[in-house]
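Please read the structure below before turning to the comments.
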Amino acid sequence: RCGYVSIVGRPNVGKSTLLNHILGQKLSITSRKPQTTRHRILGIVSRDLVQAIYVDTPGIHGEERKAINRYMNRAATSALRDVDVILFVVDALKWTTDDELVLEKLQKTALPVILVINKVDTVDDKAALLPAIEKLSKRMNFADVLPVSALRGHNVDELHATVGKRL
Ligand code: GDP
Ligand code: MG
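The opening position of the sequence shown corresponds to residue 25 in full-length UniProt numbering, with each subsequent residue numbered one higher.
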């Protein structure tokens, strides 16, 4: 099982922290951020017969008045087409209009999208997350839903395994 995985989400949800955790512990090949034609490859993780190539996507911004933001949104949107699995990272405690924008883009893809609810360490009552998950799941079909803490590394191994099931 092998394939490309992109990590998307608005700024500050913890995408870099998540990637650092995945790559930092399970790294088999470190790319020095080569610019490929389609993707900036951040790292390749090989474990348990699953090889996942994590790629970078430019951040998606709600503010489209600036040309650079329009350019980045276009680049991010095209990056969503050329991968096998998409990780949609959200903050367990904060949903914003930028999350909304990312969701709208993801609703258009036929690719498997795994909803990654990050920062669960900040939530005392985990059951309180369920209504929000239910609400989001009504708006698009997620291949999987996984609560994680990128900071603490909670459920990050499971995330790699979950990605493997979709490759
Ligand atoms: P990005 O913009 O999506 O790449 O987000 P970053 O990885 O840069 O993280 C943004 C902020 O959230 C940083 O201050 C991180 O330390 C913090 N953060 C990331 N993951 C977690 C988490 O699981 N729990 C907590 N409490 N904070 C986190
Ligand atoms: Mg980042």
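Heads up, the beta-carbon is just placed ideally off N, CA and C, and yes, glycines get one too.
For a minimum of 3 consecutive residues, which ranges assigned as the beta strand (DSSP E) are wholly contained in the stretch 154-183? List check, beta strand (DSSP E) in window: 168-171.
Which residue wins for smallest C-alpha separation from asparagine 142, given the options Ser173, Trp119, Ile77? Locating residue 142 in the sequence shown gives position 118, counting from the first residue. Asparagine 142 has its Cα closest to that of Ser173, out of Ser173, Trp119, Ile77.
Between Trp119, Leu42, Thr133, which lies nearest to leucine 153 when the distance is taken from Cα to Cα? The residue you call residue 153 lines up with position 129 of the sequence shown. It is Trp119.
Determine which residues share a DSSP beta bridge with leucine 111 and list them. Position 87 of the sequence shown, counted from the first residue, corresponds to residue 111. When DSSP reads this structure, leucine 111 sits in a beta bridge with Ile31, Ile138.
Suppose you measure from the CA of proline 171 to the CA of leucine 43; what does that come to, to the nearest Å? Start at 1 with the first residue of the sequence shown, and residue 171 comes out as number 147. Start at 1 with the first residue of the sequence shown, and residue 43 comes out as number 19. Going from the Cα of proline 171 to the Cα of leucine 43 covers about 15 Å.
Could you check what DSSP says for lysine 118 in three-state terms: helix, strand or coil? Within the sequence shown, numbered from 1, the residue matching residue 118 stands at position 94. Note: lysine 118 maps to strand in three-state DSSP.
Helix, strand or coil at valine 187 [DSSP, three-state]: Stepping through the sequence shown from its first residue, residue 187 is reached at position 163. DSSP, read as helix, strand or coil, puts valine 187 in helix.
When every heavy atom of ligand 2 is checked, does at least one fall within less than 6 Å of the C-beta of serine 30? For the purposes of this step, residue 30 is taken as the residue at position 6 of the sequence shown. Remark: the C-beta of serine 30 is outside contact range of ligand 2, defined as less than 6 Å to any heavy atom.
Heavy atoms of ligand 2 versus C-beta positions, residues under 6 Å: Per the Cβ criterion, the list is Lys39, Ser40.
Could you check whether the Cβ of asparagine 142 sits closer than 6 Å to any heavy atom belonging to ligand 1? Walking along the sequence shown from the start, residue 142 turns up at place 118. Yes, the beta carbon of asparagine 142 sits closer than 6 Å to at least one heavy atom of ligand 1.
Pull the bridge partners of arginine 71 from the DSSP assignment, please. Within the sequence shown, numbered from 1, the residue matching residue 71 stands at position 47. DSSP, once it has assigned bridges, lists Val74 as partnering arginine 71.
With a cut-off of 8 Å, do at least 3 Cβ pairs link the stretch 31-46 to the stretch 115-130? The stretch 31-46 vs the stretch 115-130: in contact.
Glycine 38, DSSP secondary structure in three states: For the purposes of this step, residue 38 is taken as residue 14 along the sequence shown, with counting starting at 1. When secondary structure is reduced to three states using DSSP, glycine 38 falls in the coil class, being assigned neither helix nor strand.
Would isoleucine 138 and serine 30 be called neighbours here (beta carbons separated by less than 7 Å)? For the purposes of this step, residue 138 is taken as residue 114 along the sequence shown, with counting starting at 1. For the purposes of this step, residue 30 is taken as residue 6 along the sequence shown, with counting starting at 1. 7 Å or more divides the Cβ of isoleucine 138 from the Cβ of serine 30.
Less than 7 Å between CB atoms is the rule here; does serine 173 satisfy it with respect to chain D? The structure shown contains no chain D; it is built from a single protein chain.
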